[in-house]
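First residue of the sequence shown: 919, per the working numbering; consecutive thereafter. Backbone N, C-alpha and C define an ideal beta-carbon position, used for all residues, glycine too.
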Amino acid sequence: MNAHTSHREGTAHLDTAGMGRMPEAVRSLLADCTVHDDRFGAYALEEHLGEVLHTGIYDRLGGLLGVPAAGVSLFTGGADAFDAFVSGLPLGPGDRIWTTPHEGVDHLTALFALRDRTRCTLEVVPLREDGDLDLDWMRNHLDEDVALVSLVHVSAACGTVNPVEAVGRLLAPHRARYAVDASHSVGLLPVDAARIGCDLLTADGWRFLRGPDGIGFGYAAPGLEPAPGAPEPHPAAIAALDAALAEHTAAGVDPYDSLLPDLRSAAEQTPGIELVAAGPARAGILSFHHPDVPAGLIRRGLARHGVLVRKSVSQETPLHPAGRDLTTAVTASVHHDNTPEDIARFGHALQQVLREETRIRLRPRPLLAAAASGGPHPAAPAPGRRPHLSLVPHRP
């Protein structure tokens, strides 16, 4: 029996891209460290953890990313790492920054702040009609004015896998600094910063690596230093991420397998479901919506049936094309901890939820039913009493 089978008896966790389930050993270590900190204080906890805090975690991350451990730094999240490294870049009015429609709002906030401080130009690399990044556009517009290129490895909006290595080869002869957000790829796909050729790679520790909340990391090439004063993760979170990395290595499997096509098929077979376009290359993440049933109702309905997914909003990736047409979507994600039974449960629950919501929407409303039958209307509420919350001031 799989070591993680027990949680499937109650739920099918399909939200690793949002918040991965910590393995039992990681959860236990985090609890033990928290108790130690509470009883004896932070300094005693740091002494207790010793080598893990000073060398162990950096060695593990360096091995995971294919880079020297000395180039790895810890932060409270990948977005904090990105901001710490890019906020102080010495750009000027003649410089250009490239980002893409897949960029997350936290990274965009840092890029807008950099643009406003330095008066440089921020440009968005377009997508092709099939949803892939337009590499031809990049080749035709690349010159020595491009000072920073920020690229998401796997899109949080829809699971698109961007060609990070191809972009690295394109940028190599030029001056541009190259930053890669691997928050939704590390732990899901092999991530080798050296092979990508990036100057900066940042990621969260709580998604596909299944570490604790409140910790992320960044690898920076020589010559790229973080701004001082960046928040540091708690020692307990560092130890728990170290344990999660050990679990990830011990799993000994390529996390990405055939489950995403099965997930996609289950969604496509559900009447009314429309997928968010993701381009030819996808990994781990699937987003969809229903034209008549809000994403929040679908998420809550799936949760009632023991399937955990996430409601995503367009503000999280405000430049993505889906944001022009969709305010919200349902996002499901798979990990090597999932099984085909989880996907089957998802498909069955999704169809059942939509049947339930359709019946509710087709049920006659009391006022309409009374008017159609010629009968009396339901009694109005007594004066001075409101039957529901209203933002309109009450005037008796």
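Item, Value
"Would you call the CB atoms of residue 1196 and residue 1103 closer than 9 Å?", "no"
"Counting Cβ pairs closer than 8 Å, one from the region 1251-1258 and one from the region 1187-1206, do we hit at least three?", "yes"
"Does DSSP put residue 1245 in a helix, in a strand, or in coil?", "coil"
"Out of 1099, 1240, 1075 and 1260, which one is the CA nearest neighbour of residue 1138?", "1099"
"Would you kindly work out how many angstroms separate the C-alpha atoms of residue 1050 and residue 1229, rounded to a whole number?", "24 Å"
"At the level of alpha carbons, what is the spacing between residue 1215 and residue 1177?", "25 Å"
"What is the DSSP secondary structure of residue 1055, reduced to helix, strand or coil?", "helix"
"Over what stretch of residues does the alpha helix (DSSP H) that includes residue 1099 continue unbroken?", "Looking at the DSSP string, residue 1099 is not in any alpha helix (DSSP H); the run it does join, the beta strand (DSSP E), is 1095-1099."
"Would you check if the distance between the CB atom of residue 1086 and the CB atom of residue 1184 is smaller than 9 Å?", "no"
"May I ask whether a heavy atom of the ligand COA can be found less than 8 Å away from the beta carbon of residue 1228?", "This structure lacks the ligand COA; in fact it carries no ligand of any kind."
"Sort 1116, 1070 and 1105 by Cα distance to residue 1091 and report the nearest one.", "1116"
"With C-beta atoms as the reference, is residue 1019 less than 9 Å away from residue 1235?", "yes"
"Since residue 1015 and residue 1026 are thought to touch, with beta carbons under 8 Å apart, how far apart are those beta carbons, to the nearest angstrom?", "Wrong, their Cβ atoms sit about 11 Å apart, outside the cutoff."
"Checking 9 Å against the spacing of the C-beta atoms, do residue 1118 and residue 1000 come in under that value?", "yes"
"Measure the C-alpha to C-alpha separation of residue 1110 and residue 1082 and round it to an integer number of angstroms.", "10 Å"
"Figure out for me which residue from 1034, 1075, 1126 and 1219 has the closest Cα to the Cα of residue 1317.", "Since the first residue shown for the chain is 919 and the last is 1314, residue 1317 is missing from the structure and cannot be characterised."
"Roughly how many angstroms lie between the CA atoms of residue 1006 and residue 1036, to the nearest whole one?", "10 Å"
"Leaving out five residues on either side along the sequence, give the residues of the same chain with a beta carbon under 8 Å from the beta carbon of residue 1244.", "1194, 1207 and 1232"
"Mapping the DSSP letters down to three states, classify residue 1133 as helix, strand or coil.", "coil"
"Assign residue 928 to one of three DSSP states: helix, strand, or coil.", "coil"
"What are the boundary residues of the beta strand (DSSP E) that includes residue 1005?", "First-last for residue 1005: undefined, no H or E at that position."
"Between residue 971 and the rest of its own chain, which residues show a CB-CB distance below 7 Å, the 5 nearest in sequence each way excluded?", "964, 1153 and 1156"
"Which residue marks the beginning of the alpha helix (DSSP H) containing residue 965, and which one marks its end?", "960-967"
"Among 1048, 957, 1033 and 1124, which residue has its Cα nearest to the Cα of residue 1166?", "1124"
"Assuming residue 1186 is part of the alpha helix (DSSP H), what are its boundary residues?", "1177-1186"
"Using only the alpha-carbon positions, how far apart do residue 936 and residue 1105 sit?", "13 Å"
"Along the alpha helix (DSSP H) that carries residue 1033, what are the first and last residues, could you check?", "1023-1036"
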